[in-house]
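Using my numbering, read the sequence shown as starting at 579 and increasing by one per residue.
Take a look at the structure set out below.
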Amino acid sequence: MARYFKSINKKSVQIDVFHGWDIKLKQWFVDVKMSGFIGGNIKQLFKSEESYNSFLKKFLG
Numbered sequence: 579m580a581r582y583f584k585s586i587n588k589k590s591v592q593i594d595v596f597h598g599w600d601i602k603l604k605q606w607f608v609d610v611k612m613s614g615f616i617g618g619n620i621k622q623l624f625k626s627e628e629s630y631n632s633f634l635k636k637f638l639g
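The following block contains the structure:
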């Protein structure tokens with residue numbers, strides 16, 4: 579699984595974002611977790627690289 583990591587601060591909340599290509603599922607993914615909290619990850623899967631990149635641009639931008 580190709581994974582990338584970025585830690586961002588959105589409105590005073592620290593968020594860890596893992597994203598990339600899931601080799602087993604053969605889909606692009608974005609996995610969001612609030613730093614310091616256990617569980618409660620939000621995972622989004624994308625069938626196309628275009629929709630994945632569009633989401634990342636809006637979310638991280």
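Beta carbons: idealized from backbone N, C-alpha and C, even for Gly.
Given the structure is predicted, the values throughout are model-derived calculations rather than measurements.
Out of the options, which one is the CA nearest neighbour of residue i?
i    : options                : result
I593 : V610, K625, F624       : V610
S613 : E627, F633, V591, L638 : V591
N619 : L638, Y630, S632, F596 : F596
Q622 : K584, L634, I616       : L634
Measure the alpha-carbon distance for residue i versus residue j and round it to whole angstroms.
i    : j    : result
K589 : V608 : 20 Å
K602 : F624 : 14 Å
Q605 : W599 : 6 Å
N587 : S626 : 27 Å
Start and end of the beta strand (DSSP E) containing residue i?
i    : result
L634 : Looking at the DSSP string, L634 is not in any beta strand (DSSP E); the run it does join, the alpha helix (DSSP H), is 627 to 638.
G598 : 591 to 600
K604 : Note, K604: premise wrong, no beta strand (DSSP E); not H, not E.
I616 : Here I616 belongs to no beta strand (DSSP E), and DSSP marks it neither H nor E.
If we count the other Cβ atoms within 10 Å of its Cβ and call it buried at 16 or more, is residue i buried or exposed?
i    : result
Y582 : exposed
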